[in-house]
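Following my numbering, the numbering of the sequence shown begins with 732 at its first residue and continues without gaps.
No residue lacks a Cβ here, since even glycine has one placed at the ideal position from N, Cα and C.
Treat the numbers as computed from the prediction; the structure is a model and nothing was measured.
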Amino acid sequence: MQTNIIGVRFTKIGKIYHFDSTDLPDLKPGEHVIVDTSRGKHLGEVVQVLAETPPQPEGGWKSVERRANPRDLLLQQSWQAKQTEAMINCRARASELRLRDVKIVTAEYNYDGSRLAFLFSTESEEKAELKSLKKDMSNLYPNTHVEMRQIGPRDVAKFLGGMGACGIETRCCSKFLTDFSPISIKMAKEQGISLTPNEITGMCGRLRCCLIYEYEQYVEARKTLPKRNKRVVTPKGEGKVIDLIPMSDKVVVLIESGTDRPQHMTFSREEIEPWDELEALRRKSQAPCDRHEGGGCTCGKASPLKKNNDRNN
(Lines of atoms letter the chains of each structure in order from A and count residues from 1; the text may use other names and numbers.)
(Lines give C-alpha, C1' and ligand atoms only; values in the text may rest on other atoms or scores of the structure.)
Protein backbone atom coordinates (compact mmCIF):
# COMPACT_ATOMS: atom_id res chain seq x y z
CA MET A 1 0.00 0.00 0.00
CA GLN A 2 1.42 3.38 -1.03
CA THR A 3 2.00 5.94 1.71
CA ASN A 4 0.52 9.38 1.08
CA ILE A 5 2.66 12.18 2.55
CA ILE A 6 1.47 15.77 2.89
CA GLY A 7 3.16 18.95 4.08
CA VAL A 8 1.47 20.83 6.92
CA ARG A 9 2.19 24.32 8.22
CA PHE A 10 1.02 25.47 11.67
CA THR A 11 1.74 29.19 11.28
CA LYS A 12 1.44 31.52 8.30
CA ILE A 13 5.22 31.77 7.70
CA GLY A 14 6.29 28.61 9.46
CA LYS A 15 8.25 25.47 8.78
CA ILE A 16 6.57 22.71 6.78
CA TYR A 17 6.21 19.34 8.52
CA HIS A 18 5.38 16.08 6.77
CA PHE A 19 2.65 13.68 7.89
CA ASP A 20 1.14 10.39 6.74
CA SER A 21 -2.31 10.97 5.22
CA THR A 22 -2.91 7.43 3.93
CA ASP A 23 -6.28 7.28 5.75
CA LEU A 24 -7.31 10.53 4.00
CA PRO A 25 -5.90 10.16 0.47
CA ASP A 26 -8.04 12.93 -1.05
CA LEU A 27 -6.64 15.82 1.03
CA LYS A 28 -5.83 18.95 -0.98
CA PRO A 29 -3.76 22.10 -0.31
CA GLY A 30 -5.77 24.70 1.58
CA GLU A 31 -7.61 22.21 3.77
CA HIS A 32 -7.09 22.13 7.53
CA VAL A 33 -6.29 18.97 9.46
CA ILE A 34 -5.72 17.76 13.01
CA VAL A 35 -2.36 16.00 13.26
CA ASP A 36 -0.52 14.10 15.95
CA THR A 37 2.85 15.68 16.85
CA SER A 38 5.53 15.17 19.48
CA ARG A 39 3.88 18.05 21.36
CA GLY A 40 0.32 16.75 21.22
CA LYS A 41 -2.46 17.32 18.72
CA HIS A 42 -2.35 20.49 16.63
CA LEU A 43 -4.35 22.09 13.83
CA GLY A 44 -2.52 22.97 10.64
CA GLU A 45 -3.04 23.82 6.99
CA VAL A 46 -2.17 21.45 4.16
CA VAL A 47 0.30 23.24 1.86
CA GLN A 48 1.82 20.29 -0.01
CA VAL A 49 0.78 16.94 -1.42
CA LEU A 50 4.00 15.11 -2.23
CA ALA A 51 4.06 13.11 -5.48
CA GLU A 52 6.91 10.91 -4.21
CA THR A 53 7.39 9.57 -0.71
CA PRO A 54 10.53 11.06 0.91
CA PRO A 55 12.86 8.98 3.12
CA GLN A 56 11.12 7.91 6.30
CA PRO A 57 12.32 9.80 9.40
CA GLU A 58 13.61 8.08 12.50
CA GLY A 59 10.64 6.82 14.50
CA GLY A 60 8.33 6.72 11.47
CA TRP A 61 5.73 9.13 10.16
CA LYS A 62 3.28 10.96 12.39
CA SER A 63 -0.26 10.58 11.13
CA VAL A 64 -3.14 12.84 10.20
CA GLU A 65 -5.96 12.30 12.70
CA ARG A 66 -8.80 13.85 10.73
CA ARG A 67 -10.00 16.87 8.81
CA ALA A 68 -10.57 19.96 10.92
CA ASN A 69 -14.22 20.99 11.18
CA PRO A 70 -15.65 24.53 11.65
CA ARG A 71 -15.79 24.00 15.42
CA ASP A 72 -12.05 23.29 15.50
CA LEU A 73 -11.33 26.49 13.58
CA LEU A 74 -13.51 28.55 15.95
CA LEU A 75 -11.81 26.93 18.95
CA GLN A 76 -8.41 27.86 17.58
CA GLN A 77 -9.45 31.49 17.09
CA SER A 78 -10.83 31.75 20.62
CA TRP A 79 -7.70 30.32 22.23
CA GLN A 80 -5.39 32.43 20.10
CA ALA A 81 -7.21 35.50 21.42
CA LYS A 82 -6.09 34.51 24.93
CA GLN A 83 -2.39 34.16 24.08
CA THR A 84 -1.49 37.80 24.73
CA GLU A 85 -3.00 37.68 28.22
CA ALA A 86 -1.08 34.48 29.01
CA MET A 87 2.17 36.08 27.80
CA ILE A 88 1.62 39.17 29.98
CA ASN A 89 0.93 36.99 33.05
CA CYS A 90 4.07 34.95 32.43
CA ARG A 91 6.22 38.07 31.97
CA ALA A 92 4.86 39.54 35.21
CA ARG A 93 5.62 36.38 37.17
CA ALA A 94 9.12 36.13 35.62
CA SER A 95 9.77 39.70 36.78
CA GLU A 96 8.62 38.83 40.31
CA LEU A 97 10.99 35.86 40.32
CA ARG A 98 13.78 38.21 39.12
CA LEU A 99 14.57 36.15 36.03
CA ARG A 100 16.46 39.05 34.45
CA ASP A 101 18.22 37.04 31.74
CA VAL A 102 14.97 35.46 30.55
CA LYS A 103 12.67 37.19 28.06
CA ILE A 104 9.20 35.75 27.47
CA VAL A 105 8.69 36.31 23.73
CA THR A 106 5.19 34.94 23.18
CA ALA A 107 2.66 32.35 24.28
CA GLU A 108 1.04 29.74 22.05
CA TYR A 109 -2.08 27.66 22.68
CA ASN A 110 -2.86 24.64 20.55
CA TYR A 111 -6.23 24.62 18.80
CA ASP A 112 -8.31 23.28 21.73
CA GLY A 113 -6.44 24.96 24.61
CA SER A 114 -5.16 21.71 26.08
CA ARG A 115 -1.52 22.80 25.71
CA LEU A 116 0.14 26.17 26.33
CA ALA A 117 3.74 26.85 25.33
CA PHE A 118 5.67 29.90 26.55
CA LEU A 119 8.50 30.72 24.17
CA PHE A 120 11.46 32.45 25.78
CA SER A 121 14.98 33.59 24.92
CA THR A 122 18.01 34.20 27.07
CA GLU A 123 21.39 35.84 26.55
CA SER A 124 23.01 33.74 29.24
CA GLU A 125 25.09 30.78 28.13
CA GLU A 126 23.95 28.81 31.16
CA LYS A 127 20.71 26.84 31.10
CA ALA A 128 17.81 28.90 32.42
CA GLU A 129 16.24 27.59 35.63
CA LEU A 130 12.50 27.92 35.06
CA LYS A 131 11.01 25.25 37.32
CA SER A 132 9.40 27.81 39.61
CA LEU A 133 8.01 29.81 36.71
CA LYS A 134 6.60 26.69 35.03
CA LYS A 135 5.02 25.54 38.29
CA ASP A 136 3.38 28.94 38.84
CA MET A 137 2.01 28.98 35.29
CA SER A 138 0.68 25.44 35.71
CA ASN A 139 -1.13 26.56 38.86
CA LEU A 140 -2.53 29.58 37.03
CA TYR A 141 -3.74 27.40 34.14
CA PRO A 142 -4.63 24.12 35.92
CA ASN A 143 -6.46 22.45 33.01
CA THR A 144 -3.66 23.07 30.52
CA HIS A 145 -0.35 21.33 29.92
CA VAL A 146 2.25 24.12 30.28
CA GLU A 147 5.56 24.00 28.44
CA MET A 148 8.57 26.35 28.53
CA ARG A 149 10.38 26.34 25.17
CA GLN A 150 13.62 28.21 24.43
CA ILE A 151 14.09 29.79 21.01
CA GLY A 152 17.07 31.47 19.33
CA PRO A 153 17.59 35.13 18.40
CA ARG A 154 16.48 34.57 14.81
CA ASP A 155 13.19 33.10 15.96
CA VAL A 156 12.74 36.07 18.30
CA ALA A 157 13.16 38.47 15.38
CA LYS A 158 10.69 36.40 13.34
CA PHE A 159 8.02 36.63 16.05
CA LEU A 160 8.52 40.31 16.77
CA GLY A 161 8.68 41.39 13.11
CA GLY A 162 9.49 45.00 12.22
CA MET A 163 11.70 46.69 9.67
CA GLY A 164 14.77 44.90 8.36
CA ALA A 165 18.32 46.17 8.77
CA CYS A 166 18.40 46.91 5.02
CA GLY A 167 15.33 49.12 5.24
CA ILE A 168 12.58 46.86 3.90
CA GLU A 169 9.29 47.28 5.75
CA THR A 170 9.05 43.65 6.86
CA ARG A 171 12.00 41.45 7.77
CA CYS A 172 12.66 38.49 5.49
CA CYS A 173 12.19 36.06 8.38
CA SER A 174 8.73 37.47 9.12
CA LYS A 175 7.72 37.79 5.46
CA PHE A 176 8.69 34.57 3.66
CA LEU A 177 11.53 32.59 5.28
CA THR A 178 10.26 29.29 6.62
CA ASP A 179 13.68 27.87 7.56
CA PHE A 180 16.91 29.44 8.77
CA SER A 181 19.91 28.38 6.67
CA PRO A 182 23.41 28.23 8.20
CA ILE A 183 25.22 31.52 7.48
CA SER A 184 29.00 32.00 7.61
CA ILE A 185 31.38 34.95 7.29
CA LYS A 186 32.79 33.22 4.19
CA MET A 187 29.60 34.09 2.32
CA ALA A 188 30.19 37.80 2.86
CA LYS A 189 33.84 37.51 1.79
CA GLU A 190 32.93 35.59 -1.37
CA GLN A 191 30.55 38.39 -2.41
CA GLY A 192 32.98 41.19 -1.60
CA ILE A 193 30.72 42.61 1.10
CA SER A 194 32.25 44.82 3.77
CA LEU A 195 32.87 42.87 6.98
CA THR A 196 31.84 45.82 9.13
CA PRO A 197 29.38 44.41 11.72
CA ASN A 198 26.71 46.95 10.79
CA GLU A 199 26.87 45.81 7.17
CA ILE A 200 26.45 42.07 7.72
CA THR A 201 24.50 41.84 10.99
CA GLY A 202 20.71 41.66 11.09
CA MET A 203 18.31 43.00 13.70
CA CYS A 204 18.60 39.68 15.55
CA GLY A 205 22.31 40.29 16.16
CA ARG A 206 23.33 37.39 13.90
CA LEU A 207 24.70 37.32 10.35
CA ARG A 208 22.01 38.41 7.91
CA CYS A 209 20.00 35.63 6.27
CA CYS A 210 20.27 37.41 2.90
CA LEU A 211 24.01 36.64 2.72
CA ILE A 212 23.06 33.24 1.32
CA TYR A 213 20.65 34.51 -1.35
CA GLU A 214 23.27 35.05 -4.10
CA TYR A 215 26.17 33.14 -2.57
CA GLU A 216 26.01 30.15 -4.96
CA GLN A 217 25.80 32.44 -7.99
CA TYR A 218 28.91 34.31 -6.85
CA VAL A 219 30.80 31.04 -6.31
CA GLU A 220 29.91 29.79 -9.81
CA ALA A 221 30.74 33.13 -11.43
CA ARG A 222 34.14 33.34 -9.75
CA LYS A 223 35.14 29.95 -11.18
CA THR A 224 35.38 31.49 -14.66
CA LEU A 225 37.15 34.69 -13.59
CA PRO A 226 40.85 35.17 -12.72
CA LYS A 227 41.75 35.62 -9.07
CA ARG A 228 42.89 38.90 -7.55
CA ASN A 229 46.57 39.82 -8.15
CA LYS A 230 46.63 37.57 -11.21
CA ARG A 231 48.52 39.10 -14.15
CA VAL A 232 46.50 39.31 -17.35
CA VAL A 233 46.80 40.67 -20.89
CA THR A 234 44.09 43.11 -21.98
CA PRO A 235 43.41 45.15 -25.14
CA LYS A 236 45.04 48.07 -23.29
CA GLY A 237 48.15 46.16 -22.29
CA GLU A 238 49.36 44.00 -19.43
CA GLY A 239 48.08 44.51 -15.91
CA LYS A 240 47.10 43.01 -12.57
CA VAL A 241 43.57 42.02 -11.47
CA ILE A 242 42.61 44.12 -8.45
CA ASP A 243 38.87 43.45 -8.21
CA LEU A 244 36.09 41.23 -9.57
CA ILE A 245 32.50 41.98 -10.56
CA PRO A 246 31.15 38.40 -10.68
CA MET A 247 27.51 39.16 -11.45
CA SER A 248 28.57 41.23 -14.50
CA ASP A 249 31.28 38.74 -15.53
CA LYS A 250 33.87 41.52 -15.45
CA VAL A 251 37.21 42.27 -13.80
CA VAL A 252 38.94 45.48 -12.77
CA VAL A 253 42.56 45.58 -13.95
CA LEU A 254 45.41 47.89 -12.96
CA ILE A 255 47.10 48.66 -16.29
CA GLU A 256 50.82 49.16 -15.67
CA SER A 257 52.19 49.39 -19.23
CA GLY A 258 51.69 51.80 -22.09
CA THR A 259 50.58 54.68 -19.86
CA ASP A 260 52.27 57.43 -17.88
CA ARG A 261 50.77 56.16 -14.66
CA PRO A 262 48.80 53.03 -13.69
CA GLN A 263 45.09 53.16 -14.52
CA HIS A 264 42.09 51.18 -13.28
CA MET A 265 40.11 49.75 -16.21
CA THR A 266 37.20 47.29 -16.39
CA PHE A 267 37.12 44.45 -18.92
CA SER A 268 34.76 41.58 -19.64
CA ARG A 269 36.01 38.03 -19.26
CA GLU A 270 36.25 37.58 -23.04
CA GLU A 271 38.60 40.57 -23.37
CA ILE A 272 41.38 39.29 -21.12
CA GLU A 273 43.83 36.43 -21.28
CA PRO A 274 46.05 35.01 -18.52
CA TRP A 275 49.57 36.41 -18.75
CA ASP A 276 51.30 33.27 -17.46
CA GLU A 277 49.77 31.06 -20.15
CA LEU A 278 50.72 33.50 -22.91
CA GLU A 279 54.22 33.80 -21.47
CA ALA A 280 54.59 30.01 -21.42
CA LEU A 281 53.54 29.81 -25.08
CA ARG A 282 56.00 32.59 -25.99
CA ARG A 283 58.90 30.83 -24.29
CA LYS A 284 57.97 27.55 -25.90
CA SER A 285 57.92 29.13 -29.35
CA GLN A 286 61.41 30.61 -28.80
CA ALA A 287 62.94 27.41 -27.46
CA PRO A 288 65.07 25.35 -29.92
CA CYS A 289 63.93 22.01 -31.23
CA ASP A 290 65.19 19.09 -29.12
CA ARG A 291 63.41 16.26 -30.92
CA HIS A 292 65.46 16.08 -34.13
CA GLU A 293 69.10 15.89 -33.04
CA GLY A 294 69.97 13.60 -35.97
CA GLY A 295 68.89 16.19 -38.54
CA GLY A 296 65.89 16.28 -40.81
CA CYS A 297 64.04 18.81 -38.63
CA THR A 298 60.74 19.86 -40.20
CA CYS A 299 59.16 21.77 -37.31
CA GLY A 300 60.91 25.03 -38.13
CA LYS A 301 63.16 25.10 -35.07
CA ALA A 302 66.89 24.49 -35.13
CA SER A 303 68.13 21.76 -32.78
CA PRO A 304 70.58 22.71 -30.00
CA LEU A 305 73.33 20.71 -31.74
CA LYS A 306 72.82 22.51 -35.06
CA LYS A 307 72.79 25.90 -33.34
CA ASN A 308 76.14 25.17 -31.68
CA ASN A 309 77.68 24.10 -35.01
CA ASP A 310 76.46 27.28 -36.67
CA ARG A 311 78.04 29.37 -33.95
CA ASN A 312 81.44 27.53 -34.28
CA ASN A 313 81.48 28.06 -38.07
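For residue i versus residue j, is the C-beta distance shorter than 8 Å?
i	j	result
F998	T955	no
S905	I747	no
E969	E947	no
V739	G775	yes
D751	K793	yes
I1100	S852	As shown, the chain starts at 732 and ends at 1044. That puts residue 1100 outside it, with no answer to give.
Q807	E839	no
I973	V984	yes
A848	E816	no
K971	M996	no
Going by C-alpha distance, which of the options is nearest residue i?
i	options	result
V795	E857, N841, L985 and V777	V777
S912	R885, N820, P928 and T932	R885
Y842	D803, R770 and V887	D803
R978	E816, E945, M996 and I1003	Note that residue 978 corresponds to Met in the displayed sequence, not to Arg. Closest option to M978, Cα to Cα, is E945.
G761	N929, V780 and H749	V780
A952	A817, V982 and Y840	V982
T768	K759, H749 and T753	H749
T909	S915, K920 and C940	C940
R880	L850, F890 and E854	L850
T837	V887, N870 and L806	V887
N735	R770, E839 and A782	A782
M868	V950, K920 and C821	C821
F907	T932, I916, K920 and F890	F890
V950	K920, E930, N929 and N874	K920
K759	T753, I765, I737 and V766	I737
N800	E1001, I765 and E1002	I765
Rounded to the nearest angstrom, how far is the Cβ of residue i from that of residue j, given a contact under 8 Å?
i	j	result
H876	R902	Not quite, the Cβ-Cβ distance comes to about 31 Å (not below 8 Å), so this is no contact.
P1005	P957	6 Å
H773	F741	6 Å
D755	R798	One detail in the question is off: residue 755 reads as Leu in this sequence, not Asp. About 7 Å; that satisfies the 8 Å criterion.
M899	M918	Sequence check: residue 899 is Ile here, not Met. Their Cβ separation, rounded to whole angstroms, is 19 Å, which puts I899 and M918 out of contact at 8 Å.
W810	G844	4 Å
In terms of DSSP beta bridges, what is residue i paired with?
i	result
T837	L850
K981	I976 and S999
Q922	Its beta-bridge partners do not exist; DSSP assigns none.
E709	No statement about residue 709 is possible, as the shown extent of the chain runs from 732 to 1044 and does not include it.
Q881	F851
V950	Its beta-bridge partners do not exist; DSSP assigns none.
E856	Per DSSP, none; premise fails for E856.
Y748	V739
K971	R962 and L985
P1005	V963
R797	I765
L806	According to DSSP, L806 bridges with nothing at all.
G771	T768
L864	Answer is none; L864 lacks a bridge partner.
Q994	I986
L938	T932
Can you find a C-beta in chain B that's less than 8 Å from the C-beta of residue i?
i	result
K981	This model lacks chain B altogether, as it is built from one protein chain only.
Three CB pairs or more closer than 8 Å across the segment 959–976 and the segment 929–938: No, they do not touch.
Inter-stretch contact at 8 Å, needing at least 3 Cβ pairs: the segment 849–861 / the segment 826–834: Below 8 Å, enough C-beta pairs join the segment 849–861 and the segment 826–834 to call them touching: three or more.
Touching by the beta-carbon criterion (3+ pairs, under 8 Å), the segment 778–790 and the segment 806–826: Short answer: they don't touch.
Inter-stretch contact (C-beta, 8 Å, three-pair minimum) for the segment 885–899 and the segment 918–925: The segment 885–899 vs the segment 918–925: no contact.
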